[in-house]
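First comes the structure, then the notes that go with it.
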Amino acid sequence: MGLNLRPQAWFDLLSDQNLEVDGPRLNQRMRELESFGANAAGGIDRVAFSDANIEALDWMAGLLVESGFSPSIDFAGNLIARKPGSSPELPSIMLGSHIDSVPGGGNYDGQVGSMGALEVAATLADAAYTTRHPLEVSIFSNEEGGKTGSRALAGEVETFELDIVTASGFTIGDGIQRLGGNPDRLEEVRRTDGSAEAFLELHIEQGAVLDADEIDIGVVEGIVGIMRWTVIVDGSTNHAGTTPMDRRSDAMVGAARFIDLVHTTARRMPGRQVATVGRLEAEPGAPNVIPGRVTMTLEIRDLSMAGIERVFNEISGNTARITEETGTHLSFQRFYTSRAAPTAMWIREIIETSAQGLSLSTHRMPSGAGHDAQSIALFAPVGMIFIPSVAGVSHAPDEHTTPQDVVNGANVLLQTLLELDER
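In this note's numbering, the protein residues as written are 316 to 738.
Okay, here's the thing in structure tokens:
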């Protein structure tokens, strides 16, 4: 093919071909995938490396064979299925997600993007449509436990991680072997810059914005960066009954003031950053003892790493008043950093054009959660498509996305892929 079609001409071509996903088949296969690891609460326990995970991957590999793909398990335990294009010298277009769940998780996180990718593959096969670029459907291993599979493709997995015990009871290294991989050869799956034309991931929002505002498609601007600190508030331990209120150095009071500072600062500053104190421990932790130390976590997320630093500097720069008024001392130790991963602007524009051509409403938004696309962005341009999560519920049995929204997302994925293929 290789036609240089403008957007309207391209949509006219799609209309003539009537190329769209088979919605009933997609939703039926979604239901079938749910059966692998289904629990009594209506959710799933398909944690990485479990029997249910392995059985589901085997089932999906069979479906990919039916669509003319050649599936295999790479050394990182990823299910990678390839299909040649008419111009084999071109880099591949990747699409996919993950199917492992959190314990007691829902039926849509990762599953929508994985089955959406398989449905796009099946739709192209049904139409005997051959893309110019080779296609690669990727179902990544252990997304919920640290994005092991996608990070391996980016060369980001460190040796010590292989000994971490996962929710399945297996270490990551042993789990990779259970899937058919080889943890001693992870370096061999590492991709280089330019090895893929692009990566597309369809995913549920896992938040309430699209559902509440009745928007069909979220066009993801990027996956937020994350920084986390341990925050220690030191005061003076003393008797809770005999120490007057005006003679206390209460670490808990200092902590309370700090939590309020975090909340008000993140809300006051311009931007879409979020800041959270998610864990707190008082010492000695007795009801009749004034806490002498409180240990907390501070997490800040933003699309810009510089934005995270600005919020942190604003928070830490305003702690002097807390220490002065409460007689405490605050200290910070950063212990975790996850880099922000912006999506490619040109892919965002294609996603928007694709959705609008289907008469679907769109909204540009950040992803506040981590995704496999975050890893792939280290070596290829990425694009992410969000569809609504009913009431914003995720990582729970009540997680739900309507069948029509699933179909909408898959059709946007299909048409985005076709436009990418024509570039």
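Every residue, glycine too, gets a C-beta built ideally from N, C-alpha and C.
_For the pair the region 557-574 and the region 696-706, tell me if three or more CB-CB distances fall below 8 Å._
Output reads no: the region 696-706 does not touch the region 557-574.
_Anticipated Cβ contact below 8 Å, D531 with L733, distance rounded_ = The distance from the Cβ of D531 to that of L733 is about 19 Å, inconsistent with a contact at the 8 Å cut-off.
*Among S653, D549 and P602, the one whose alpha carbon lies nearest that of M739*: Any property of residue 739 remains undetermined from this structure, which presents the chain solely from 316 to 738.
*For R636, decide whether its Cβ has a neighbour in chain D, counting only Cβ atoms nearer than 9 Å.*
The displayed structure is made up of one protein chain only, and chain D is not part of it.
*Could you tell me which of M409, D526, P681 and R346 sits nearest to M451, measuring between CA atoms?*
The question names Met, but residue 451 is Glu in the sequence shown. When only C-alpha atoms are compared, the closest one is M409.
_Reduced DSSP category for A659 - H, G, I as helix; E, B as strand; rest coil_ = Three-state result, A659: coil.
*Note down, in chain order, each residue of its chain lying with its Cβ closer than 7 Å to the Cβ of V589, except the 5 sequence neighbours on either side.*
Taken in chain order, the residues that qualify are A581, R616 and G683.
_Rounded to the nearest angstrom, what separates L334 and V534 at their Cα positions?_
L334 and V534: Cα-Cα distance of roughly 22 Å.
_Where P703 sits in the DSSP three-state scheme_ = The answer is coil: DSSP assigns P703 none of H, G, I, E or B.
_Taking only three categories from DSSP, how would you classify P386?_
DSSP places P386 in strand when its eight states are reduced to three.
*State buried or exposed for G622, treating a residue as buried only when at least 16 other CB atoms are found within 10 Å of its CB.*
Result: buried.
_Between T481, L735, G724 and G400, which has its C-alpha nearest G425's C-alpha?_
Nearest neighbour of G425 by Cα position, chosen from T481, L735, G724 and G400, turns out to be G724.
*Name the DSSP beta bridge partners of F351, please?*
Beta-bridge analysis with DSSP links F351 to no other residue.
*asked:* Using C-beta distances below 6 Å, list every residue in its chain close to A367, excluding the 5 sequence neighbours before and after it, in chain order.
replied: If you ignore the 5 residues before and after A367, its C-beta comes within less than 6 Å of the C-beta of F351, G352 and R361, all in its own chain and listed in chain order.
*Please check the pair I414 and N457, which I expect to be a contact at CB under 8 Å, by giving their CB distance rounded to whole angstroms.*
The beta carbons of I414 and N457 sit about 11 Å from each other, so the pair does not count as a contact at 8 Å.
_Inter-residue Cα distance where the pair is V380 and A570_ = Using only the alpha carbons, I get a separation of about 57 Å.
*Let me know if L318 comes out buried or exposed under the rule of 16 or more other beta-carbons within 10 Å of its beta-carbon.*
Confidence is the limiting factor: at L318 the pLDDT is only 40, short of 50, which leaves the residue's position unreliable, though a coordinate-based value still follows. L318 comes out exposed.
_Residues near T731 by beta carbon distance below 8 Å, same chain, minus five either side_ = Cβ within range, chain order: L515, I662, I665, I666, S669, G698 and I700.
*Residue of R625, Q719 and G392 minimising C-alpha distance to D526*: The option with the nearest alpha carbon to D526 is Q719.
_Within 8 Å, do at least three Cβ pairs link the region 534-544 to the region 429-449?_
Because the criterion of three Cβ pairs below 8 Å is not met, the region 429-449 and the region 534-544 do not touch.
*Three-state secondary structure (DSSP) at T474?*
Three-state result, T474: helix.
_Using only the alpha-carbon positions, how far apart do H715 and T481 sit?_
Cα to Cα, the separation comes out at about 26 Å.
_According to DSSP, is P559 part of a helix, a strand, or is it coil?_
Reduced to three states, the DSSP call for P559 is coil.
*Taking 9 Å as the cut-off, decide whether the C-beta atoms of T446 and D687 are in contact.*
It is not a contact, given that the beta carbons lie outside the stated cut-off.
*Starting from Q648, trace the beta strand (DSSP E) both ways and give me its first and last residue.*
Note, Q648: beta strand (DSSP E), H644 to S653.
*asked:* Using the three-state DSSP reduction, which class does D617 fall into: helix, strand or coil?
replied: Strand at D617.
_Give me the residue from A601, R625 and G593 with the minimum Cα distance to P585._
The shortest Cα separation from P585 among A601, R625 and G593 belongs to R625.
*Given that a residue counts as buried once 16 or more other Cβ atoms are within 10 Å of its Cβ, and exposed if not, what is A356?*
Per the 10 Å Cβ criterion, exposed.
*Same chain, Cβ closer than 8 Å to N354, five either side skipped, listed in chain order*: Result list for N354: D360, G419 and P712, in chain order.
*Identified DSSP bridge partners for R397*: Beta-bridge partners of R397 (DSSP): S385 and E451.
*Taking A695 and A656 to be in contact with their CB atoms under 8 Å, please state how far apart those CB atoms are, rounded to whole angstroms.*
For A695 against A656, the beta-carbon gap comes to about 11 Å, at or over 8 Å, which does not count as contact.
_By the three-class DSSP mapping on this structure, what secondary structure does T463 have?_
DSSP, reduced to helix, strand and coil, places T463 within a helical segment of the structure shown.
*According to the Cβ coordinates, are P449 and L405 closer than 9 Å?*
In this structure, P449 places its C-beta atom within 9 Å of the C-beta atom of L405.
*Can you name, in chain order, every residue of its own chain whose Cβ lies under 8 Å from the Cβ of F384, other than the five neighbours on each side?*
A396, R397, K398, A436, L450 and V452.
*Hey, quick one: how far does the alpha helix (DSSP H) through D441 stretch, first residue to last?*
According to the DSSP assignment, D441 belongs to the alpha helix (DSSP H) that extends over Q426 to D441.
*Could you check the C-alpha separation between L729 and L576 for me, to the nearest Å?*
Distance between the alpha carbons of L729 and L576: 46 Å.
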